[in-house]
Amino acid sequence: MCAKQKESVAVGPISGFPEWTPAERILEQRMLDTIRASFERYGFSPIETSSVERNDVLTAKGGSETERQIYRLTSLHPQSAADARDYSLHFDLTVPLARYVAQRYGDLVFPFRRYQIQKVWRGERPQQGRFREFTQCDIDIVGDGQLSLMADAEIPAVISEVFTRLDIGNFCIRISNRKILTGYLEYLGFDGRETADILREADKIERQGTDPVREYLSKGGADQSKIDGILDLVQAEGSSQELLENLKAR
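Here you go:
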């Protein structure tokens, strides 16, 4: 008699979902402890939110681009209507923070200084430096009205301390202000929704080049001079003074 051959099961790791050896895990935990200590030294308090959010919350502002990034959850054997609801794993910690603050607004003390270190999941194509699962470390200062510019200055100070204590070598912190691009796009005549869509497309230039952005803007009805102006601004390089003069000349 021949023994029934057992079916083989692939046991390799899934692409984009890293696994750590004990030595790597110990090193990761030491790094996270260093980051956590720096955050707390500056007076940030930890929170943790659910890994799962409702789809309508996750996609409230992101549209189709966000929908392509999220991992949806499905119950194989739903026992109730609640089991069949549309849920997904969070793809960043910003949306959960906004939901957290909205739900607990009356209980929070502002400015609300929070840090959050959790796993996030994105349905992206795995490549060098990009994963489907990774740990994100966030700090935010949430105001109830106008925030002091000191809050903007404090964030890079915390980042600088973290990188210095991690001893990663020389580093450069790049600072931008979304209001510059938003204001310029409004000056060109784009409304709030169009501006959000354009900024989201502009974020892809570094990894996809300018062609997809040109195509998106053309389909939206933007003329060639506006397209050239937008791409020139988002790719501009130079000192802060040079960039300011560039903007004033428009």
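In this text, residue positions in the sequence shown follow the working numbering: the first is 5, and each later residue adds one.
Using N, Cα and C, we set each Cβ at its ideal position, and we do this for glycine too.
Given the structure is predicted, the values throughout are model-derived calculations rather than measurements.
If you reduce the DSSP assignment to three classes, tell me which class residue i lands in.
{"i": "E219", "result": "helix"}
{"i": "E241", "result": "coil"}
{"i": "K2", "result": "Outside the modelled stretch of the chain, which goes from 5 to 254, sits residue 2, for which no answer is possible."}
{"i": "E52", "result": "coil"}
{"i": "F138", "result": "strand"}
{"i": "I143", "result": "strand"}
{"i": "R29", "result": "helix"}
{"i": "L247", "result": "helix"}
{"i": "E57", "result": "strand"}
{"i": "R178", "result": "coil"}
{"i": "L77", "result": "strand"}
{"i": "R118", "result": "strand"}
{"i": "Q131", "result": "strand"}
{"i": "G149", "result": "coil"}
{"i": "P160", "result": "helix"}
{"i": "I172", "result": "coil"}
{"i": "F21", "result": "coil"}
{"i": "E44", "result": "helix"}
{"i": "D227", "result": "coil"}
Using 10 angstroms around the beta-carbon of residue i, count the other beta-carbons present and answer buried if the total reaches 16, otherwise exposed.
{"i": "F95", "result": "buried"}
{"i": "A226", "result": "buried"}
{"i": "Y119", "result": "buried"}
{"i": "Y104", "result": "buried"}
{"i": "I179", "result": "exposed"}
{"i": "V15", "result": "exposed"}
{"i": "I145", "result": "buried"}
{"i": "P216", "result": "exposed"}
{"i": "P17", "result": "exposed"}
{"i": "L251", "result": "exposed"}
{"i": "I74", "result": "buried"}
{"i": "L31", "result": "exposed"}
{"i": "T63", "result": "buried"}
{"i": "I184", "result": "exposed"}
Less than 6 angstroms between C-beta atoms, sequence neighbours within five positions excluded: which residues of the same chain meet that for residue i?
{"i": "V238", "result": "A206"}
{"i": "L192", "result": "K230"}
{"i": "D148", "result": "F114"}
Compute the Euclidean distance between the alpha carbons of residue i and residue j, then round it to the nearest angstrom.
{"i": "N59", "j": "V162", "result": "32 angstroms"}
{"i": "V13", "j": "T186", "result": "52 angstroms"}
{"i": "G133", "j": "W125", "result": "14 angstroms"}
{"i": "G196", "j": "R29", "result": "44 angstroms"}
{"i": "R76", "j": "E57", "result": "10 angstroms"}
{"i": "H81", "j": "S92", "result": "17 angstroms"}
{"i": "C141", "j": "S222", "result": "36 angstroms"}
{"i": "F43", "j": "S49", "result": "8 angstroms"}
{"i": "D156", "j": "Y188", "result": "21 angstroms"}
{"i": "E190", "j": "P26", "result": "52 angstroms"}
{"i": "S244", "j": "C176", "result": "15 angstroms"}
{"i": "L36", "j": "R254", "result": "44 angstroms"}
{"i": "D171", "j": "V99", "result": "31 angstroms"}
{"i": "R117", "j": "G127", "result": "30 angstroms"}
For residue i, report the span of its alpha helix (DSSP H) as first-last.
{"i": "Q107", "result": "T98 to Q107"}
{"i": "L203", "result": "G196 to A206"}
{"i": "I209", "result": "I209 to Q212"}
Closest Cβ-Cβ distance between residue i and chain B: below 9 angstroms?
{"i": "P50", "result": "In the structure shown, chain B cannot be found, because there is only a single protein chain."}
Assuming residue i is part of the beta strand (DSSP E), what are its boundary residues?
{"i": "S92", "result": "Y91 to L93"}
By Cβ distance, which residues of its chain are closer than 7 angstroms to residue i, with the 5 residues on each side in sequence left out?
{"i": "I159", "result": "I143"}
{"i": "P130", "result": "S19, G20 and R136"}
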